[in-house]
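Undergrad:
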Amino acid sequence: MTRILVLDIPDWVNSFDTEAEAHRQFDDIIRRVEDTVPLVRVICTGRIAMNARGPSRYYGSEPAAATALRAAHPAARIGIADGLYAAVFAAQAAHPVLVVPPGLSADFLAPMPVTQLGDPDMADLLFRLGVTTLGGFAALDAVSVQERFGFSGERLHRLARGLDDTPIVPRDIPVTYDRVTEFEPAITRADELAFALRATADDFIDSIARDRLACTAVWVTLTTERGATHERCWAHPTVFTGADVIDRVRWQLDSIARLTTDTSTEGFAGDGIVRVRIAPDQLSPQSRYEKGIWGAPSHDRIHSVLSRVQSILGHEGVLSVTVGGGRTLADREIFSPWGDKPVINHEPSRPWPGSLPALVPTTVYRTGTPVELHGTAPIPPAEVLSEAPRWLVHNGRQRELIAWSGPWPLHERWWDGGSLNYRLQAVDTMGTAWVLLSADDTWTIEARYD
Amino acid sequence: MEGPRVDPRLPVHSALAPLIAGGLAPGGIYSISPSLTLALGLTATAVSESGWVAAVGFPHLGIEAVQECGVSLDRFVSIPSPKAHWATVVGAVCDGFTVVIARVPDGVSPATAARIAAVARRTGAVLIVLGDWPSATARLEVVGVRNLGISDGHGLLLGRDITVRSVTRGIVKTGVLPWPFDRVVEPDIAPVRHLKAVT
Numbered sequence: 076m077t078r079i080l081v082l083d084i085p086d087w088v089n090s091f092d093t094e095a096e097a098h099r100q101f102d103d104i105i106r107r108v109e110d111t112v113p114l115v116r117v118i119c120t121g122r123i124a125m126n127a128r129g130p131s132r133y134y135g136s137e138p139a140a141a142t143a144l145r146a147a148h149p150a151a152r153i154g155i156a157d158g159l160y161a162a163v164f165a166a167q168a169a170h171p172v173l174v175v176p177p178g179l180s181a182d183f184l185a186p187m188p189v190t191q192l193g194d195p196d197m198a199d200l201l202f203r204l205g206v207t208t209l210g211g212f213a214a215l216d217a218v219s220v221q222e223r224f225g226f227s228g229e230r231l232h233r234l235a236r237g238l239d240d241t242p243i244v245p246r247d248i249p250v251t252y253d254r255v256t257e258f259e260p261a262i263t264r265a266d267e268l269a270f271a272l273r274a275t276a277d278d279f280i281d282s283i284a285r286d287r288l289a290c291t292a293v294w295v296t297l298t299t300e301r302g303a304t305h306e307r308c309w310a311h312p313t314v315f316t317g318a319d320v321i322d323r324v325r326w327q328l329d330s331i332a333r334l335t336t337d338t339s340t341e342g343f344a345g346d347g348i349v350r351v352r353i354a355p356d357q358l359s360p361q362s363r364y365e366k367g368i369w370g371a372p373s374h375d376r377i378h379s380v381l382s383r384v385q386s387i388l389g390h391e392g393v394l395s396v397t398v399g400g401g402r403t404l405a406d407r408e409i410f411s412p413w414g415d416k417p418v419i420n421h422e423p424s425r426p427w428p429g430s431l432p433a434l435v436p437t438t439v440y441r442t443g444t445p446v447e448l449h450g451t452a453p454i455p456p457a458e459v460l461s462e463a464p465r466w467l468v469h470n471g472r473q474r475e476l477i478a479w480s481g482p483w484p485l486h487e488r489w490w491d492g493g494s495l496n497y498r499l500q501a502v503d504t505m506g507t508a509w510v511l512l513s514a515d516d517t518w519t520i521e522a523r524y525d
Numbered sequence: 086m087e088g089p090r091v092d093p094r095l096p097v098h099s100a101l102a103p104l105i106a107g108g109l110a111p112g113g114i115y116s117i118s119p120s121l122t123l124a125l126g127l128t129a130t131a132v133s134e135s136g137w138v139a140a141v142g143f144p145h146l147g148i149e150a151v152q153e154c155g156v157s158l159d160r161f162v163s164i165p166s167p168k169a170h171w172a173t174v175v176g177a178v179c180d181g182f183t184v185v186i187a188r189v190p191d192g193v194s195p196a197t198a199a200r201i202a203a204v205a206r207r208t209g210a211v212l213i214v215l216g217d218w219p220s221a222t223a224r225l226e227v228v229g230v231r232n233l234g235i236s237d238g239h240g241l242l243l244g245r246d247i248t249v250r251s252v253t254r255g256i257v258k259t260g261v262l263p264w265p266f267d268r269v270v271e272p273d274i275a276p277v278r279h280l281k282a283v284t
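Each protein sequence line maps, in turn, to chains A and B.
If you count the first sequence from 1, you need to add 75 to reach the numbering used here.
If you count the second sequence from 1, you need to add 85 to reach the numbering used here.
#1: For A:Gly-317 versus A:Asp-278, is the C-beta distance shorter than 9 Å?
#2: Hey, is the stretch 403–415 of chain A in contact with the stretch 174–182 of chain B, meaning 3+ C-beta pairs nearer than 8 Å?
#3: Does the beta carbon of B:Trp-218 come closer than 9 Å to any beta carbon on chain A?
#4: Under 7 Å between beta-carbons, which chain B residues line up against A:Asp-319? List them in chain order, please.
#5: For A:Val-380, go through chain B and note every residue whose CB falls closer than 7 Å to its CB, in chain order.
#6: Starting from A:Ala-168, find everything on chain B with Cβ-Cβ shorter than 8 Å and list it in chain order.
#7: Any idea what DSSP makes of A:Pro-484, helix, strand or coil?
#8: Do you know how far the Cα of B:Arg-245 is from the Cα of B:Arg-231?
#9: Measure from the C-beta of A:Tyr-160 to each C-beta in chain B and report whether the shortest distance is under 9 Å.
#10: Quick one: grab the DSSP three-state call for A:Thr-340.
#11: Does DSSP put A:Ser-373 in a helix, a strand or coil?
#12: Does the separation of the CB atoms of A:Pro-482 and A:Val-459 fall below 9 Å?
#13: Just the chain B side, please: which residues come within less than 7 Å of A:Ser-395 by C-beta, in chain order?
#14: What does the alpha-carbon distance come out to for the pair B:Val-184 and A:Thr-397?
#15: Could you say which of A:Ile-348, A:Glu-300, A:Ala-289, A:Arg-333 lies nearest to A:Asp-319 if we only look at CA atoms?
#16: When the Cα of A:Gln-191 is compared with those of B:Thr-208, B:Pro-195, B:Ala-199, B:Thr-197, which residue comes out closest?
#17: Taking buried to mean at least 16 other C-beta atoms within 10 Å of its own C-beta, is A:His-170 buried or exposed?
#18: Enumerate in chain order the residues of its own chain whose CB-to-CB distance from A:Ala-165 is below 6 Å, with the five nearest sequence positions on each side excluded.
#19: Starting from B:Gly-240, find everything on chain A with Cβ-Cβ shorter than 7 Å and list it in chain order.
#20: Rounded to the nearest angstrom, how far is the Cβ of A:Glu-521 from that of A:Leu-448, given a contact under 8 Å?
#21: So, at 7 Å on beta carbons, what are the nonlocal neighbours of A:Gly-450 in its own chain, with the 5 sequence-adjacent residues on each side left out?
#22: Just list the residues that DSSP pairs B:Lys-168 with in beta bridges.
#23: Using the Cα positions of A:Ala-146 and A:Leu-358, report the straight-line distance between them to the nearest angstrom.
#24: How many Å lie between B:Phe-182 and B:Ala-124 at the Cα?
#25: Which residue comes first and which comes last in the beta strand (DSSP E) that contains A:Ile-155?
#26: Smallest Cα separation from B:Ala-203: which of A:His-305, A:Ala-168, A:Leu-238?
#27: CA-CA distance, B:Ala-160 and A:Arg-132?
#28: Could you name the residues of the same chain whose beta carbon sits closer than 8 Å to that of B:Pro-103, not counting the 5 residues immediately before and after it, in chain order?
#29: Going along chain A, which residues have a C-beta under 7 Å from B:His-170?
#30: Closer than 8 Å, Cβ to Cβ, to anything on chain C: give me those residues from the stretch 183–195 of chain A, in chain order.
#31: Could you say which of B:Leu-242, B:Arg-250, B:Arg-254 lies nearest to B:Ser-220 if we only look at CA atoms?
#32: Answer yes or no: does any C-beta atom of chain B fall closer than 9 Å to that of A:Glu-408?
#33: Pull up the CB-CB distance for B:Ile-117 and B:Ile-201, whole angstroms please, since I reckon it's below 8 Å.
#34: Residues of chain B with CB closer than 9 Å to the CB of A:Phe-212, please, in chain order.
#35: How many angstroms separate the CA atom of A:Arg-273 from the CA atom of A:Arg-301?
#36: Can you check which of these residues, B:Leu-243, B:Ile-114, B:Asp-237, B:Ala-187, is closest to B:Leu-121 by C-alpha distance?
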């Protein structure tokens, strides 16, 4: 197995306003790494991979290489493992360096959930089979996996067994997909270049898609008027679209521009681009890359995690929440299944006479839990002022009260003949505070401060 | 080329920071007594600007309280009843969420706990569990509460001061967490009511 080193800076993209800016900043780091390691693959902005062998030889050992490369950025984490898949995990788990010894990648991956395969359908199937971890998946017989899940399942099975053989070096791909565009006169501005390449990039992606393939990594080679070439391999968290290719070309042009000039001008210091070559580095069957293996931007990840949980618990199992208007606390809470738009019945901003003033409770009961209030005798709501409440009796459990206040009237739809209800606050000897609501002739717990 | 070291800990309410070595450790598991105020106190500051929060196993969590303490509801989800899938669900949301608040059901095996801990360590999620947890990063318990503004038959509950204790390697630390969190703790140090467990 090829030893792969991954350098990962957590949350890199999210710490910038735009992805382009994130990349511009990341480019400095790539260039620093490229000073010692010639072949670096950009997995996504904030994460790069390389063969570990070169830097380990240069620095003397894998840990030494990891420590040296970590200096590229204070937040950088380095993972080294067999194959790219395990190395990415190692980097994510690193504090800040984690070297998984040769041959142990499968053990390292074993406790990870199967959702980490990046294939929701596959994870679903495995869940239904009772297989929840990569270790469990890896333990399945390879031949049965291939029979049951086909080629793509076999590939994921190899990942789970720590046998990812994704190469870091470019591999042979038919040149028919390559697109070379030449410019006369030379182009110096990134936006001009982007405009000029738009049709080419779309055609490039379309020609790959026609063969039912998806492009997950691409080489961009820029040749300048003075004959310099600048080549870089870009990987995509999921699958490249034409627009994504254009973005990478722009970022690469920005990075050369910054190499040749200290000022951040739009232009390219007189040395324009005369030739652009776009070539695929990695192609995969389309079906496999509907969702990315490398972790998409955070909202996509949240969405895929929650969709998975919904596939287990049902659509209503994951709830988004908003606050609406209403007099009772439960009325004010609006729940909607993740992915659905919330339906707001009441305007939260309207004044709601009778809503609980001041302090917001941490627990709110949506269905009134019946409770009894006792002084020397049970106190029904109608007699709330008859004597001081001393006990709260709930589910057969008595709580002694040390303070109380109220009652406050709560008019709920009195014009419809609704009844006049009261709200009461009480504190028990444990320090827990309760909000009680009368419902006709009984008390219910509306909320609790806990 | 060595830059300044970045402290990876996430900030918490100033009352709680001294109890947990300054902040929440990514991948850490914090076992706390069943107080949602304390859970929110540990969570709110860390995610005030970015980061997602999941609450697992709280069908009655007060949503206005979550909003009140500064957690954006756009970055909050509730998974109220995970039931038998508790471990799978918690493991899943540890991937992508910054903070996961979970009520520990009875009978979480040490193996399950270890697996969830491994996922959290890898993803950097902070797990706040209400209940016991083997080998937690820190344990926090509520040892006393003062309810302010309310007395016998009059007044109105205006705030709460919650005394929280942590024990780490035999060193006991306490702090007073006010609710709402932006309130100033009452300076009057009347004897705090110490609690005994009841059954």
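Don't be surprised by glycine CBs; every beta carbon is placed ideally from N, CA and C.
TA: Based on what the coordinates show:
#1: Locating residue 317 of chain A in the first sequence gives position 242, where the first residue counts as 1. Locating residue 278 of chain A in the first sequence gives position 203, where the first residue counts as 1. In this structure, A:Asp-278 lies closer than 9 Å to A:Gly-317 by Cβ.
#2: no
#3: Within the second sequence, numbered from 1, the residue matching residue 218 of chain B stands at position 133. With 9 Å as the cut-off, B:Trp-218 does not count as an interface residue toward chain A.
#4: Taking the first residue of the first sequence as position 1, residue 319 of chain A is located at position 244. The premise fails here: A:Asp-319 is roughly 22 Å from chain B at the closest Cβ pair, so nothing lies under 7 Å.
#5: The residue given as residue 380 of chain A occupies position 305 in the first sequence. Correct list: Ala-177, Val-178, Asp-180, Gly-181.
#6: Indexing the first sequence from 1 puts residue 168 of chain A at position 93. Correct list: Arg-206, Arg-207.
#7: Along the first sequence, one-based indexing puts residue 484 of chain A at 409. Of the three classes helix, strand and coil, the one that applies to A:Pro-484 here is strand, per DSSP.
#8: What you label residue 231 of chain B is simply residue 146 of the second sequence in a count that begins at 1. What you label residue 245 of chain B is simply residue 160 of the second sequence in a count that begins at 1. C-alpha separation (whole angstroms): 6 Å.
#9: Within the first sequence, the letter at position 85 stands for residue 160 of chain A. Answer no: the Cβ-Cβ gap between A:Tyr-160 and chain B never drops below 9 Å.
#10: For the purposes of this step, residue 340 of chain A is taken as residue 265 along the first sequence, with counting starting at 1. Below a pLDDT of 50, predicted positions are generally treated as unreliable, and A:Thr-340, at 41, falls in that range; no measurement from the model is reported.
#11: In the first sequence, counting from the first residue as 1, residue 373 of chain A sits at position 298. Low confidence applies here, because A:Ser-373 scores a pLDDT of 48, under 50, leaving its location unreliable; read the following figure in that light. Three-state result, A:Ser-373: helix.
#12: Counting from one through the first sequence, the residue named residue 482 of chain A turns up at place 407. Counting from one through the first sequence, the residue named residue 459 of chain A turns up at place 384. Yes. Within cutoff.
#13: Along the first sequence, one-based indexing puts residue 395 of chain A at 320. The answer, in chain order, is Val-162.
#14: Within the second sequence, the letter at position 99 stands for residue 184 of chain B. Within the first sequence, the letter at position 322 stands for residue 397 of chain A. Between B:Val-184 and A:Thr-397, the C-alpha separation is close to 19 Å.
#15: To locate residue 319 of chain A, count along the first sequence from 1; it is residue 244. Of the candidates A:Ile-348, A:Glu-300, A:Ala-289, A:Arg-333, the one whose C-alpha sits nearest the C-alpha of A:Asp-319 is A:Ala-289.
#16: Looking up residue 191 of chain A in the first sequence gives position 116. A:Gln-191 has its Cα closest to that of B:Thr-208, out of B:Thr-208, B:Pro-195, B:Ala-199, B:Thr-197.
#17: As a first step, residue 170 of chain A is located in the first sequence; it is residue number 95 there, counting from the start. Exposed.
#18: For the purposes of this step, residue 165 of chain A is taken as residue 90 along the first sequence, with counting starting at 1. These residues qualify, in order along the chain: Gly-154, Ala-156, Leu-173, Val-175.
#19: Start at 1 with the first residue of the second sequence, and residue 240 of chain B comes out as number 155. By Cβ distance, chain A contributes Ser-480.
#20: Translated into the one-based positions of the first sequence, residue 521 of chain A becomes position 446. Translated into the one-based positions of the first sequence, residue 448 of chain A becomes position 373. Wrong, their Cβ atoms sit about 13 Å apart, outside the cutoff.
#21: Locating residue 450 of chain A in the first sequence gives position 375, counting from the first residue. Around A:Gly-450: Glu-462, Ala-463, Pro-464, Arg-465.
#22: Along the second sequence, one-based indexing puts residue 168 of chain B at 83. Answer by DSSP bridge pairing: none, since B:Lys-168 is not bridged.
#23: As a first step, residue 146 of chain A is located in the first sequence; it is residue number 71 there, counting from the start. As a first step, residue 358 of chain A is located in the first sequence; it is residue number 283 there, counting from the start. Computed Cα separation, rounded: 33 Å.
#24: Here residue 182 of chain B refers to the residue found at position 97 when the second sequence is read from its first residue. Here residue 124 of chain B refers to the residue found at position 39 when the second sequence is read from its first residue. Going by the C-alpha atoms only, they are around 15 Å apart.
#25: Taking the first residue of the first sequence as 1, we reach residue 155 of chain A at position 80. Element bounds for A:Ile-155: 152–157.
#26: Residue numbering aside, residue 203 of chain B sits at position 118 when the second sequence is read from its first letter. If we check each option's Cα against that of B:Ala-203, A:Ala-168 comes out closest.
#27: Here the question's residue 160 of chain B lines up with position 75 in the second sequence. Here the question's residue 132 of chain A lines up with position 57 in the first sequence. First, the amino acid is wrong: residue 160 of chain B is Arg here, not Ala. Roughly 45 Å separates the two Cα atoms.
#28: Your numbering for residue 103 of chain B matches position 18 in the second sequence. Lys-258, Gly-260, listed in sequence order.
#29: Position 85 of the second sequence, counting from 1, holds the residue named residue 170 of chain B. Chain A residues near B:His-170: Ile-387, Leu-388.
#30: No chain C appears in this structure, whose protein chains are A and B.
#31: Along the second sequence, one-based indexing puts residue 220 of chain B at 135. For the residues B:Leu-242, B:Arg-250, B:Arg-254, the minimum Cα distance to B:Ser-220 belongs to B:Arg-254.
#32: Start at 1 with the first residue of the first sequence, and residue 408 of chain A comes out as number 333. With 9 Å as the cut-off, A:Glu-408 counts as an interface residue toward chain B.
#33: Stepping through the second sequence from its first residue, residue 117 of chain B is reached at position 32. Stepping through the second sequence from its first residue, residue 201 of chain B is reached at position 116. The pair is not a contact, with the Cβ atoms about 16 Å apart (cut-off 8 Å).
#34: Residue 212 of chain A sits at position 137 when you count from the first residue of the first sequence. By Cβ distance, chain B contributes nothing, its closest Cβ being about 14 Å from A:Phe-212, past 9 Å.
#35: Residue 273 of chain A sits at position 198 when you count from the first residue of the first sequence. Residue 301 of chain A sits at position 226 when you count from the first residue of the first sequence. Straight through space, the alpha carbons of A:Arg-301 and A:Arg-273 are spaced by roughly 24 Å.
#36: Residue 121 of chain B sits at position 36 when you count from the first residue of the second sequence. Looking at the Cα atoms, B:Ala-187 is the closest of the given residues.
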